[in-house]
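Colleague: Under this note's numbering, the residues of the sequence shown are numbered 2 to 442, in order.
Ideal placement from N, C-alpha and C gives every residue a C-beta, glycine not left out.
Source: prediction; values computed, not measured.
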Amino acid sequence: MVEGSGSKDFPKAFCNETDISTDGYPIYRRRNNSNETHFTRNNIQVANRFVVPSNSFLSLKYNAHINVELCSTVKAIKYINKYITKGYDCARIGVQVNANDNVEKVVDYDEMKQYLNCRYISSQEAAWHLQDFPIHGQSHNVVMLSIHLKDGQSIFFEENQAENALQRESVVCTTLTAYFDLNVSDSSAHQYLYQDIPNHYVFKNKKWVKRSEISHHGEKTIGRIISVSPRDVELYHLRLILLSVKGPDATSFEDLKKFNGQNYSTYKHVERVRGLINDSNEWHNCMYEASSYMMPKCLRSLLVAIICHCNPPNPLQLFEDFEENMIEDFIQQGNSVEKSLKLCINGIRMQIPQNGFDFNPFLPFSNFEDISDREDNLVNCTVDGNNLLWNDLNSDQLLAANTILKSLVDLNSQKCFYLDGPGGSGKTFLYRALIQKVDLI
2 MVEGSGSKDF
12 PKAFCNETDI
22 STDGYPIYRR
32 RNNSNETHFT
42 RNNIQVANRF
52 VVPSNSFLSL
62 KYNAHINVEL
72 CSTVKAIKYI
82 NKYITKGYDC
92 ARIGVQVNAN
102 DNVEKVVDYD
112 EMKQYLNCRY
122 ISSQEAAWHL
132 QDFPIHGQSH
142 NVVMLSIHLK
152 DGQSIFFEEN
162 QAENALQRES
172 VVCTTLTAYF
182 DLNVSDSSAH
192 QYLYQDIPNH
202 YVFKNKKWVK
212 RSEISHHGEK
222 TIGRIISVSP
232 RDVELYHLRL
242 ILLSVKGPDA
252 TSFEDLKKFN
262 GQNYSTYKHV
272 ERVRGLINDS
282 NEWHNCMYEA
292 SSYMMPKCLR
302 SLLVAIICHC
312 NPPNPLQLFE
322 DFEENMIEDF
332 IQQGNSVEKS
342 LKLCINGIRM
352 QIPQNGFDFN
362 PFLPFSNFED
372 ISDREDNLVN
382 CTVDGNNLLW
392 NDLNSDQLLA
402 ANTILKSLVD
412 LNSQKCFYLD
422 GPGGSGKTFL
432 YRALIQKVDL
442 I
């Protein structure tokens, strides 16, 4: 129960026929036959609207009540395979000075701003390492291809050696400028894009040399153009052009700005004329694809990354198009749609400044009500205002909870605990019960 009502949308509405055509959970037949049963606890009238879907075979096999729902849409697959796509176990920890220590309360935080990424090595992973099983493999040699604007090569030099660095041939000649020269001197290279050149040529002595079938026999190679942030607009669009343009049209920086005999001032302009980009759909398609397999929290982080680093034309429209996908976890916790939206906006509002940007120019929500991120982690699950989650803990959960609570008052006891258990064993329920209990102390 949440705030006096069912957290899973119970009681359900009466329905004369089962409907499985909806995009989500099916609507089961719940006939209004007036056969209601009086349930004495909290004076609740129980009818067909309260019946939870179950499976008799599973209940008998596992000696437990198991809720069962029919998956009527492929969108639900990300929840079925949630644990497969979560990655390795990890936790975030903060380091701070004990309030009772008589030392100067100054902590030297690293660049990660108070947080360290920590890994939990499970017994299975440890055994894999101890047996010296392979961790990764490499089938191809990856050749990094430089990308830069005209006279924009990267220069690395030691102090007081800037002039000498400018004279080095490696500064002037890069894999990109050598690619332009290759297209001028070797017509057989016109059939290859920039990223395909390493499959047929070797970068040697600052120029591309055709591969020898003898010396490079059997070598598998992949060319990869260095990634560029969309916020570096011209360089980003130069990279996109090189992914599509080859041959006589790619003999210099100036040639890449030409199309059908006409010169254009920017790479972005000529790319749009070539039909290589569509500003309105690129990031929408990215979010649409991700929404099919990403959890809501990851989807919100993806939106933040797109907003901060990809320069989308209309961030607010992007948010509105996928707000339903980004609030699924808050809805499942029993929050209303309105409150779920506020929690979603609040989470995004906190992440954008962490990337060095201001929230308001991107998502200028009017009348935005700030909600503490505590509400993201704590759902006030009560029946009548007095029935705490603590009262529903089983014996094992209660043992762990009491041990953790005792550490709050015993300054000499350990303060780091780890709960291990399979999915559905009640770890999150215990976390919420602890938060709720501490909140009342």
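(1) When the Cα atoms are used, what is the spatial distance from L59 to S140?
(2) Which one or two residues does DSSP pair with I223 in a beta bridge?
(3) Classify M145: buried if its beta carbon has 16 or more other beta carbons within 10 angstroms, exposed otherwise.
(4) Are three or more beta carbon pairs between the region 218-238 and the region 316-323 nearer than 8 Å?
(5) With distance defined between alpha-carbon atoms, name the residue in H130, E329, I405 and F15 nearest to K298.
(6) In whole angstroms, what separates the C-alpha of K428 from that of D393?
(7) Alpha helix (DSSP H) containing K1: first to last residue?
(8) Grouping DSSP H, G and I as helix and E and B as strand, with all else coil, what is S55?
(9) Output yes or no for whether 8 Å exceeds the beta carbon distance between Q154 and T175.
(10) Quick check on I242: does DSSP put it in helix, strand or coil?
(11) For K269, count neighbouring C-beta atoms within 10 Å of its own C-beta (all shown protein chains included) and say buried if the count is 16 or more, exposed if not.
(12) Counting only the same chain and skipping the five closest in sequence on each side, list residues whose C-beta sits under 7 Å from that of I67.
(13) Which stretch, first to last residue, makes up the alpha helix (DSSP H) that contains I129?
(14) When DSSP labels each residue in this structure, what does N264 get in the three-state scheme?
(15) So, helix, strand or coil for C16, using DSSP?
(16) Buried or exposed: which applies to R375, given that a residue is buried once 16 or more other Cβ atoms fall within 10 Å of its Cβ?
(17) Which same chain residues end up closer than 7 Å to R275 when comparing Cβ atoms and leaving out the 5 residues on each side of it in sequence?
(18) When DSSP labels each residue in this structure, what does V210 get in the three-state scheme?
(19) Beta-carbon within less than 7 Å of K258's beta-carbon, same chain only, minus the 5 sequence neighbours each way: which residues are those?
(20) With 16 as the cutoff for other CB atoms within 10 Å, does R30 come out buried or exposed?
(21) Can you have a look at N17 and say buried or exposed, based on whether 16 or more other CB atoms are within 10 angstroms of its CB?
(22) With which residues is I28 paired in a DSSP beta bridge?
(23) Could you tell me the distance, in whole angstroms, from the CA atom of G224 to the CA atom of D197?
(24) Shortest alpha-carbon distance to D322 belongs to which of N282, K416 and N347?
(25) Just the Cα atoms here: how many angstroms apart are A179 and N206?
(26) Can you have a look at L390 and say buried or exposed, based on whether 16 or more other CB atoms are within 10 angstroms of its CB?
(27) L435 to K62, Cα distance in whole Å?
(28) Would you kindly check if the distance between the Cβ of Y193 and the Cβ of K443 is under 8 Å?
(29) Under the assumption that Y195 contacts L243 (Cβ atoms under 8 Å), give the Cβ distance between them as a whole number of angstroms.
(30) Can you grab the Cα-Cα spacing for the pair N312 / A306, in whole Å?
(31) Assuming P27 contacts F51 (C-beta within less than 8 Å), just tell me the rounded distance between them.
(32) Can you give me the Cβ contacts of T252 inside the same chain, cut-off strictly under 6 Å, excluding the 5 residues immediately before and after it?
(33) Going by DSSP in three states, F360 sits in which element: helix, strand or coil?
(34) CB H191 to CB P249, shorter than 8 Å?
(35) Taking DSSP as the reference, what is the three-state secondary structure of V1?
(36) Is it buried or exposed, K1, if we count other Cβ atoms within 10 angstroms and call 16 or more buried?
Modeller: Answer, in terms of the structure:
(1) 45 Å
(2) V143
(3) exposed
(4) no
(5) E329
(6) 13 Å
(7) Here the chain has residues from 2 to 442 only, and residue 1 is not among them.
(8) strand
(9) yes
(10) helix
(11) buried
(12) S55, N56, L59 and S60
(13) Checking the sequence shown, residue 129 turns out to be Trp, not Ile. First-last of the alpha helix (DSSP H) with W129: S124 to L131.
(14) strand
(15) strand
(16) Confidence at R375 is low in this model, with a pLDDT of 44, below 50, so the placement of that residue is unreliable and no value is reported for it.
(17) F260
(18) strand
(19) N264, Y265, Y268 and V271
(20) exposed
(21) exposed
(22) D20
(23) 6 Å
(24) N282
(25) 10 Å
(26) buried
(27) 32 Å
(28) Given a span of 2 to 442 for the chain in the structure shown, any question on residue 443 remains unanswerable.
(29) 5 Å
(30) 10 Å
(31) The Cβ separation is near 17 Å, so there is no contact.
(32) F181, N184 and V185
(33) helix
(34) yes
(35) Residue 1 lies beyond the stretch modelled for the chain, which goes from 2 to 442, so this question has no answer here.
(36) The shown model of the chain, from 2 to 442, leaves out residue 1, and the question about it has no answer.
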